[in-house]
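First residue of the sequence shown? That's 91 in the working numbering, and the numbers climb one at a time after it.
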Amino acid sequence: MKKFLSVVCLATLFVGCGNEANADSCPDIEIQIGSGPKYCFNGGRNQTHCVIIQSKEDDLQINNLIINRGNCNYAKYREPSGYTHFVSGTKTDEEKLRQEGVTKEMLLDFFGEPWNFGKRDWVRINNCNWQSILEVTVETNKGACTYKFNQ
Numbered sequence: 091m092k093k094f095l096s097v098v099c100l101a102t103l104f105v106g107c108g109n110e111a112n113a114d115s116c117p118d119i120e121i122q123i124g125s126g127p128k129y130c131f132n133g134g135r136n137q138t139h140c141v142i143i144q145s146k147e148d149d150l151q152i153n154n155l156i157i158n159r160g161n162c163n164y165a166k167y168r169e170p171s172g173y174t175h176f177v178s179g180t181k182t183d184e185e186k187l188r189q190e191g192v193t194k195e196m197l198l199d200f201f202g203e204p205w206n207f208g209k210r211d212w213v214r215i216n217n218c219n220w221q222s223i224l225e226v227t228v229e230t231n232k233g234a235c236t237y238k239f240n241q
């Protein structure tokens, strides 16, 4: 029994459990936060923190994420050279991206592509660790929703 409880406790260290959303206009999405290669593959040995999103409906398009009200940066687009840029997801950053000539093709596959039931993907967080994430706002073609985490 002690071994089982230890495994359960360890698992909760790596994935943020239980999120609440303002359910009136929310698309059916599951949000998790996590850390480490099991949840966020980064191809290296560095500690990686991420937000994991899974669609629970068809024809969903994710247009933007706002993590901790724009205070946490995440990977959003890649230059042709492969360099990944991190943005906070605020409207000013979106305008700045357009001014810098970021095209739809440069956006990571995560954004603007149609998602169907069961699709799961993640974005890497740059300047926050997963334990400090209190809310994630997801803007989609079916409305925007803010998910709150009690950590």
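All C-beta atoms in this analysis are idealised placements derived from N, C-alpha and C, irrespective of residue type, glycine included.
- Sixteen is the threshold: when 16 or more other Cβ atoms of the shown chains lie within 10 Å of the Cβ of THR138, as they do, the residue is buried.
- Rounded to whole angstroms, PRO204 and SER222 show a C-alpha spacing of 30 Å.
- Counted as a single uninterrupted DSSP element, the beta strand (DSSP E) harbouring ASP211 occupies residues 210-215.
- The beta carbon of VAL213 sits closer than 7 Å to those of CYS140, VAL141, LEU155, TYR164, ALA165, PHE200, all from its chain and outside the five residues before and after it, given in chain order.
- A distance of 9 Å or more separates the beta carbons of ILE152 and VAL226.
- PHE207 and SER125 do not touch by the CB rule: their CB atoms are close to 27 Å apart, not below 8 Å.
- Between ASN158 and TRP220, the alpha-carbon positions lie close to 11 Å from each other.
- In this structure, DSSP gives LEU224 a state outside helix and strand, which the three-state scheme calls coil.
- For LYS166, the enclosing beta strand (DSSP E) begins and ends at 164-168.
- Straight-line spacing of the CA atoms in ALA234 and PRO170 works out to 30 Å.
- The beta carbon of SER178 is closer than 6 Å to those of GLY160, ASN163 in its chain, skipping five residues each way along the sequence.
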